[in-house]
Each structure stands twice: as C-alpha cells, then as structure tokens.
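For reference, the structure discussed in these notes is given below.
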Amino acid sequence: MREKRPESRRKWLVNVLFAAVILAVAGALVLLRGAGRDAEVPLKAQLIYGDQNTVLDLPLDVDRTYDVDTGYLTVHIQVEDGAARFVDSPCPDHVCESFGWLRIEDQTATCLPARAVLTIAPDQ
Numbered sequence: 581m582r583e584k585r586p587e588s589r590r591k592w593l594v595n596v597l598f599a600a601v602i603l604a605v606a607g608a609l610v611l612l613r614g615a616g617r618d619a620e621v622p623l624k625a626q627l628i629y630g631d632q633n634t635v636l637d638l639p640l641d642v643d644r645t646y647d648v649d650t651g652y653l654t655v656h657i658q659v660e661d662g663a664a665r666f667v668d669s670p671c672p673d674h675v676c677e678s679f680g681w682l683r684i685e686d687q688t689a690t691c692l693p694a695r696a697v698l699t700i701a702p703d704q
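Quick note on numbering: our numbering labels position 22 of the sequence shown as 602, and the sequence is numbered without any gaps.
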C-alpha cells in the first residue's frame with residue numbers, strides 16, 4: 581500500500597474542512613430562519629386580486645366557500661379544516677385548482693386569467 585503524500589493529505593483535509601464549514605453555515609441558516617417564527621401564530625388565507633391588488637383576508641378557522649369577483653372572473657375559494665384552495669374555477673385551464681390545499685405559511689396558488697393570488701399569511 582502506498583502512503584499518501586503530505587500535500588495530498590493536506591488538500592484532502594482542506595476540502596473536508598471546507599465542506600464542514602459550508603454544512604455548518606447551512607444548518608445555522610435553517611435554524612435561524614425557523615427560530616424567528618412562532619409555531620402558535622395563527623394563519624389566514626389572503627386573496628390578492630384585480631388591477632388594484634385588492635386584499636381580502638379569509639379566516640382559516642371558519643369552514644366556508646367564498647365567491648369573489650376579481651373584475652375578470654369570479655373565483656371560488658374553499659376554506660376547510662385550516663386550509664384554503666381554489667375550487668370550481670371558471671378559467672380555461674384550471675391550473676389554480678392543481679395547487680391543492682394551502683395550509684403552511686407562504687404557500688401560494690395563482691389564477692392568472694382571474695388575476696388572483698391566494699396565499700397563507702400570519703394573522704397579525
């Protein structure tokens with residue numbers, strides 16, 4: 581067996597150290613991002629629609645279906661069990677329905693023909 585030369589061993593150690601530093605920084609960023617959020621902060625659905633970017637807050641603690649005229653199409657938002665989604669969309673492709681249920685902060689669904697964006701946001 582051949583013994584590693586000191587310079588190749590040094591390069592290997594530098595690479596391992598570099599990888600360890602990168603992983604440590606990534607881990608710290610993940611921890612810091614999560615530390616700033618309170619798990620008990622209530623959430624709401626927020627529909628932003630139309631040319632004026634009208635904002636409609638929808639509580640997630642009340643099961644209900646909302647019909648909202650965006651000025652282009654009437655979108656239907658279903659809220660159930662702490663989640664919201666587009667349903668029965670009048671748009672031609674129904675892509676907005678494919679986003680499914682939104683229940684985690686910052687999840688977003690968009691209906692481009694209706695010019696409407698549904699997102700989950702903190703209820704502050």
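All residues carry an ideal CB built from backbone N, CA and C; glycine is no exception.
All values reported here derive from a predicted model rather than from experimental measurement.
Within the continuous beta strand (DSSP E) that includes R665, where are the two ends?
663–667
Given the structure, does L603 come close to the ligand HEM, in the sense that its CB is under 7 Å from one of the ligand's heavy atoms?
Looking for the ligand HEM in the displayed structure turns up nothing, as the structure carries no ligands at all.
Using the Cα positions of N633 and G651, report the straight-line distance between them to the nearest angstrom.
11 Å
What's the call for P599, buried or exposed, on a 16-neighbour Cβ count within 10 Å?
The question names Pro, but residue 599 in the sequence shown is Ala. Exposed, by the Cβ-count rule.
Candidates P693, L692, L682, A694: which alpha carbon is nearest A701's?
L682
Just checking, does the stretch 688–701 make contact with the stretch 662–678 on the three C-beta pairs under 8 Å criterion?
yes
Where I684 falls: helix, strand or coil (DSSP):
coil
Would I657 be called buried (16 or more neighbouring beta carbons within 10 Å of its own) or exposed?
buried
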